[in-house]
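**Student:**
2 protein chains.
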Amino acid sequence: MDTDKVFKALGDPTRRRLLDLLCDKNGQTLGQLCENLDMARQSATQHLGILEEANLVSTVRRGREKLHFINPVPLHEVYERWVRKFERQRLSLLHDLKKELEGE
Amino acid sequence: MDTDKVFKALGDPTRRRLLDLLCDKNGQTLGQLCENLDMARQSATQHLGILEEANLVSTVRRGREKLHFINPVPLHEVYERWVRKFERQRLSLLHDLKKELEGE
DNA sequence: CAGATATGCAGGTAAATACCTGCATGTCAA
DNA sequence: TTGACATGCAGGTATTTACCTGCATATCTG
Chain A
0 MDTDKVFKAL
10 GDPTRRRLLD
20 LLCDKNGQTL
30 GQLCENLDMA
40 RQSATQHLGI
50 LEEANLVSTV
60 RRGREKLHFI
70 NPVPLHEVYE
80 RWVRKFERQR
90 LSLLHDLKKE
100 LEGE
Chain B
0 MDTDKVFKAL
10 GDPTRRRLLD
20 LLCDKNGQTL
30 GQLCENLDMA
40 RQSATQHLGI
50 LEEANLVSTV
60 RRGREKLHFI
70 NPVPLHEVYE
80 RWVRKFERQR
90 LSLLHDLKKE
100 LEGE
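See the structure below:
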């Protein structure tokens, strides 16, 4: 997994909205997704391309349409390899501050 | 929590590195963090400012030094409100594809 | 086939971003 | 107090990014 691509992809509100839309109804076409976006179709295409690059979205062509499917795996991996690392520490800001100010 | 600030902050590899460094040893000074970064001190200051804006890092001054502490709460909230939403769906790409191609 | 529909592709631009240099300020320690 | 040290602040620049418009291609439908 390319961690950087995933985080960069999630760093834009439009792309998070796209994932939300796909979460509500998976397998939507580009046109359907655009109806909820308030920007040119071509812009949405670029965002979807970035999500696809990050492997957060997969696509299949059906005739002249392109169907978009959300892929939750990278999100789970981000959580497993990244978020939990910090949670595991059970870092208490106040506790650390106290120790630090007391000269450890 | 400002979700956008958190995701934007996490979208840069230098800032993720800073969080990693603080995870290894909490409460480091700006100078200490810079030793591991290979960029000008002033650039690191900007990155740390963005992390602080996103509430991912808190700081305390001790004399002429500034101590940096990681705050795991926004990461946990990102997970709770965002990542789990997609996991909960138990989205199976192949399953969805099959349904879609069969005309639902 | 012809027209409508869905998407792809090629630039172009304004704003945001990630760096930098130079200098100022504040704190410690002899 | 004075010099060393840690950080703050003010720009400047090159790259990236998020939009756009215009046109091309492919597919369905009558």
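Chains A and B, in that order, are what the protein sequence lines are.
For the first sequence, the residue numbers in numbering that gives the first Met the number 0 are 0 to 103.
For the second sequence, the residue numbers in numbering that gives the first Met the number 0 are 0 to 103.
All C-beta atoms, glycine included, are put in the ideal place defined by N, C-alpha and C.
Note that the coordinates shown come from a computational prediction; the quantities given were computed from them, not determined experimentally.
Using CA atoms only, rank isn't needed, just tell me which of D23(A), A8(A), Q31(A), K24(A) is closest to E64(A).
**Tutor:** If we check each option's Cα against that of E64(A), Q31(A) comes out closest.
**Student:** Go through its chain and collect everything with a Cβ distance to M0(B)'s Cβ below 6 Å, but skip five positions before and after it.
**Tutor:** Taken in chain order, the residues that qualify are P73, E76.
**Student:** Mind checking which residues open and close the alpha helix (DSSP H) that includes K7(A)?
**Tutor:** Segment 2–9, the alpha helix (DSSP H) holding K7(A).
**Student:** Identify, in the order they occur along the chain, each residue of the same chain with its Cβ nearer than 6 Å to the Cβ of Q27(A), setting aside the five sequence neighbours on each side.
**Tutor:** So the qualifying residues of the chain are H67.
**Student:** Sorted by chain position, which residues of the same chain lie with C-beta nearer than 7 Å to N70(B)'s C-beta, five sequence neighbours on each side aside?
**Tutor:** So the qualifying residues of the chain are N54, L55, V56, S57.
**Student:** Going by DSSP, what residues sit across from T58(B) in a beta bridge?
**Tutor:** DSSP lists H67(B) as partners of T58(B).
**Student:** Counting contacts by CB-CB distance shorter than 7 Å, is L106(B) in contact with chain A?
**Tutor:** With chain B covering 0 to 103 only, the question about residue 106(B) has no answer from this structure.
**Student:** Does the CB of D1(B) have a neighbour CB from chain A at under 7 Å?
**Tutor:** Cβ-Cβ to chain A under 7 Å: no for D1(B).
**Student:** Please confirm if E86(A) has its CB atom under 7 Å from at least one CB of chain B.
**Tutor:** Closer than 7 Å to some Cβ of chain B, the Cβ of E86(A) qualifies, so yes.
**Student:** Along chain A, which residues have their Cβ under 7 Å away from the Cβ of L17(B)?
**Tutor:** Chain A residues near L17(B): none, gap ~12 Å exceeds 7 Å.
**Student:** Which residue's Cα is closest to the Cα of L21(A): K84(A), A39(A), L47(A)?
**Tutor:** Of the candidates K84(A), A39(A), L47(A), the one whose C-alpha sits nearest the C-alpha of L21(A) is L47(A).
**Student:** Candidates K7(A), A8(A), D23(A): which alpha carbon is nearest K84(B)'s?
**Tutor:** Among K7(A), A8(A), D23(A), the Cα nearest to that of K84(B) belongs to D23(A).
**Student:** Could you give the distance in angstroms between the alpha-carbon of N15(B) and the alpha-carbon of F6(A)?
**Tutor:** According to the sequence provided, residue 15(B) is Arg. The question's Asn does not apply to it. Distance between the alpha carbons of R15(B) and F6(A): 10 Å.
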